[in-house]
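In our numbering, the protein residues as written are 40 to 371.
Even glycine gets a Cβ: it sits at the ideal position worked out from N, Cα and C.
These notes are about the structure you will find just below.
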């Protein structure tokens with residue numbers, strides 16, 4: 040797809056490149072913050088100084104966290120703000136953000152996050168995790184539960200959790216499960232930068248109470264990776280499955296809130312490009328796409344007999360092309 044065609048079809052994709060965001064998803068977090076003020080203060084009214092971005096690559100949400108929580112501060116006050124981005128993939132550095140490569144379901148990753156906070160837990164955890172789009176929302180809900188698994192270890196009591204979900208027939212069950220863990224507001228939010236044609240929405244959960252309802256095997260970062268002597272469960276999914284029944288408060292239908300300026304840009308509309316329009320490259324292509332090596336081998340195998348190996352300059356060009364294609368996929 041040409042740059043101009045994509046820019047015309049997706050206004051937020053175009054704006055992301057103009058304003059320096061790595062992905063259009065930055066506007067989703069900004070609009071959620073406009074509605075719920077999740078980046079203003081913690082539950083005690085204190086400034087946010089410990090924040091985690093799970094499944095952070097390519098880094099647009101980490102950029103928002105840096106711009107909102109780190110950039111406005113003085114050099115001295117910046118030392119108190121710790122923003123940790125966690126992902127299996129490496130991504131280009133972001134000012135004020137510490138990057139950790141690791142599995143969000145791993146206890147070791149939780150330990151490394153706590154070390155960054157000098158033994159304290161996070162006040163806010165955000166997660167823009169996305170599974171395969173051709174799988175159903177049930178799989179996505181389990182990705183959210185995987186994010187909650189690490190939250191049980193790294194999110195402080197009273198903390199806030201924000202994650203992407205796909206609303207479907209399992210959304211009610213997921214909402215009820217979340218209300219077992221949060222005593223405050225639990226709502227589904229739909230930013231205006233998210234396409235109406237997409238089932239995507241975001242769940243915003245306040246006042247985490249994990250330490251009061253979950254067994255120590257799920258909340259401690261120092262507990263062993265096996266069942267303890269009191270036969271407590273080892274996974275959040277296991278704990279939820281052992282609940283005898285949900286209370287009426289937990290069974291209620293969660294509110295659905297529209298975020299962002301409803302009179303602003305429409306994510307599903309096309310906008311004409313001006314006469315002076317110049318297409319821009321994505322702000323930050325991926326450092327290393329997992330499938331690049333396979334693409335190189337496929338390209339070499341398809342070359343005519345006697346053509347020899349792919350030239351280094353062709354290899355670099357392929358890297359650039361595929362990186363831009365991957366970035367477009369992530370931006371969408």
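Query	Result
7 Å CB neighbourhood of residue 186 in its chain, flanking five on each side removed	93, 143, 166, 168 and 202
Residues sharing a beta bridge with residue 199, DSSP	163
Same chain, Cβ closer than 7 Å to residue 300, neighbours up to 5 away in sequence not counted	231
Touching by the beta-carbon criterion (3+ pairs, under 8 Å), the segment 66–77 and the segment 109–118	no
Within the segment 60–130, ranges of the beta strand (DSSP E) (whole runs, at least 3 residues)	89–93 and 121–126
DSSP beta-bridge partners of residue 239	205
Where the alpha helix (DSSP H) containing residue 222 begins and where it ends	That residue, residue 222, is in no alpha helix (DSSP H); it is neither H nor E in DSSP.
Residue span of the beta strand (DSSP E) that contains residue 296, given as start and end	295–298
Which residues DSSP lists as bridging residue 136, in chain order	122
Proximity to residue 293 [Cα-Cα], best of 97, 218 and 98	218
Range covered by the alpha helix (DSSP H) that runs through residue 317	First-last for residue 317: undefined, no H or E at that position.
Whole-angstrom distance between residue 239 and residue 311, CA atom to CA atom	26 Å
Burial state of residue 253 (16 or more Cβ within 10 Å)	buried
Buried versus exposed, by CB contacts within 10 Å (16 or more), residue 81	buried
Continuous alpha helix (DSSP H) stretch holding residue 144: start and end	Careful: residue 144 lies outside any alpha helix (DSSP H) and carries neither H nor E.
Buried versus exposed call for residue 158 [16 or more other C-beta atoms within 10 Å across all chains shown]	exposed
Of the residues 318, 162, 58 and 214, the one placed nearest residue 184, counting alpha carbons only	214
Endpoints, the alpha helix (DSSP H) within which residue 304 is located	Taken as a continuous stretch (DSSP letters only), residue 304 belongs to no alpha helix (DSSP H), as it is neither H nor E.
Range of the contiguous alpha helix (DSSP H) that encloses residue 58	50–58
Beta-carbon spacing of residue 155, residue 198 below 8 Å	no
Cβ neighbours of residue 66 in the same chain (closer than 8 Å, five flanking residues each side left out)	51, 54, 55, 60, 230, 232 and 299
8 Å Cβ cutoff met for residue 193 and residue 124	no
Proximity below 8 Å, CB of residue 227 to CB of residue 208	no
With 16 other Cβ atoms within 10 Å as the buried cut-off, status of residue 97	buried
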